[in-house]
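In the working numbering, the protein residues as written are 387 to 759. Worksheet: the structure to be examined is printed underneath.
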Ligand SMILES: Cc1cc2nc3c(=O)[nH]c(=O)nc-3n(C[C@H](O)[C@H](O)[C@H](O)COP(=O)(O)O)c2cc1C
């Protein structure tokens with residue numbers, strides 16, 4: 387295995403034993419009523435504790451922030467208690483873990499909230515085709531079209547900033563090593579960034595500064611709550627997930643953000659390429675520009691293999707590499723890459739299915755060897 391991927395890295399106050407990060411991945415295995423982390427989830431994360439850093443699945447910061455059935459939240463006592471069990475078990479297994487703070491914005495459905503309120507966004511512009519996972523009358527997962535969103539009022543935006551700060555405080559109470567603010571993938575902050583969706587006339591719309599204001603006020607509030615070094619931010623420049631349109635000037639847009647994140651002193655910037663293409667280009671202007679604006683810890687994610695991780699680390703485009711799907715099916719991914727063992731394929735059918743199958747039953751190499759006749 388290329389040695390740099392296995393080498394130690396000091397991320398703020400966290401000493402990472404290697405540079406492999408488990409990417410945030412929603413798996414919809416929370417308990418039904420409390421929407422709290424389940425015992426299955428504890429086992430799943432412990433199995434992957436050899437990662438240099440685990441980033442939890444996207445975790446709604448409030449009932450309003452929900453966009454999928456059975457995602458665990460971080461806004462109730464039961465949820466904090468459930469996460470406490472997860473972080474304690476991960477720490478006891480020698481791991482480190484941060485919580486991804488998530489608000490879906492317009493990507494939602496009223497049935498996901500007890501008060502049946504519609505999703506919210508920068509404007510009333512609705513997704514045309516996208517569907518979200520909800521539960522049918524028999525509590526079975528079913529995909530439904532997103533409801534039209536309600537445009538947030540100015541004071542409501544400020545209230546969401548406070549919700550993020552409270553959720554970060556809850557994450558610390560639950561024993562996490564830090565938090566990652568989810569500003570990627572067409573969710574709430576990405577929607578405010580997008581000039582095609584954000585038609586607001588208040589201080590959160592119009593200019594580039596105004597469209598990033600919501601995220602930056604949130605970053606500021608969260609860093610003041612938990613400390614700068616404990617906060618990361620995830621972005622997905624050029625991403626089109628959830629019916630987003632590519633930004634008209636990515637270098638300017640994301641360069642501005644990266645410089646502001648530098649000014650605010652966040653602990654890391656996590657860049658995800660949904661296409662798994664431009665992030666692997668050693669000549670990428672965008673990566674170079676982001677690196678120049680934000681010269682601290684950078685995580686890259688999107689279609690990484692061992693070879694590509696090696697290339698990104700060698701070219702100094704990244705400090706850490708996040709792997710998503712490989713971690714689903716290879717709980718001992720670090721060991722497999724270390725010794726050059728084959729990687730197990732993931733089963734797409736069980737990713738969101740619920741239950742233990744396709745979740746905690748992918749064997750390690752050692753378990754595979756023991757089960758051989
Ligand atoms: C099942 C699944 C769930 C995901 N959930 C999240 C999430 O909660 N938050 C997020 O930022 N990205 C999420 N992603 C994106 C991953 O973090 C990662 O960026 C993506 O899988 C690309 O990395 P890979 O090519 O190594 O799989 C998810 C991806 C998958 C496959």
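Note that beta-carbon positions come from the ideal geometry of N, C-alpha and C, so glycine has one too. Here the structure is a predicted model, which is why all the values come from computation and not from measurement.
Asked	Found
Contained alpha helix (DSSP H) runs [length at least 4] in the region 608–695, N- to C-terminal order	636–650, 671–679
Cβ neighbours of residue 732 in the same chain (closer than 6 Å, five flanking residues each side left out)	711, 714, 715
Residue 526 (DSSP reduced to helix, strand or coil)	coil
Proximity test, residue 711 beta-carbon vs ligand 1 heavy atom, cut-off 7 Å	yes
Length-filtered (4 minimum) alpha helix (DSSP H) runs lying within the region 544–597	574–579
Beta-carbon separation (whole angstroms), residue 625 vs residue 571, contact threshold 8 Å	6 Å
Coil, strand or helix - residue 761 by DSSP	The chain is shown only over 387 to 759; residue 761 falls outside these bounds and no answer can be derived.
Any 3 or more C-beta pairs closer than 8 Å across the region 648–662 and the region 598–618	yes
Cα-Cα separation, residue 697 to residue 677	16 Å
Local conformation of residue 500 per DSSP, three classes	coil
Residue 443 beta carbon near ligand 1 (any heavy atom closer than 7 Å)	yes
Residue 433, enclosing alpha helix (DSSP H) - first and last residue	425–433
Cβ pair residue 582, residue 491 closer than 8 Å	no
Alpha-carbon spacing of residue 495 relative to residue 423, whole angstroms	22 Å
For residue 808, the nearest candidate out of 399, 403, 432, 644 (CA to CA)	Only positions 387 to 759 of the chain appear in the structure, and residue 808 is not among them; the question remains open.
For residue 758 and residue 621, the rounded distance between their alpha carbons	43 Å
Residue 488: first and last residue of the uninterrupted beta strand (DSSP E) it sits in	483–488
Residue 483 Cβ short of 7 Å to ligand 1 heavy atom set	no
Residue environment, residue 765, which counts as buried when at least 16 other CB atoms sit within 10 Å	Lying outside 387 to 759, the shown extent of the chain, residue 765 is not represented and no answer is given.
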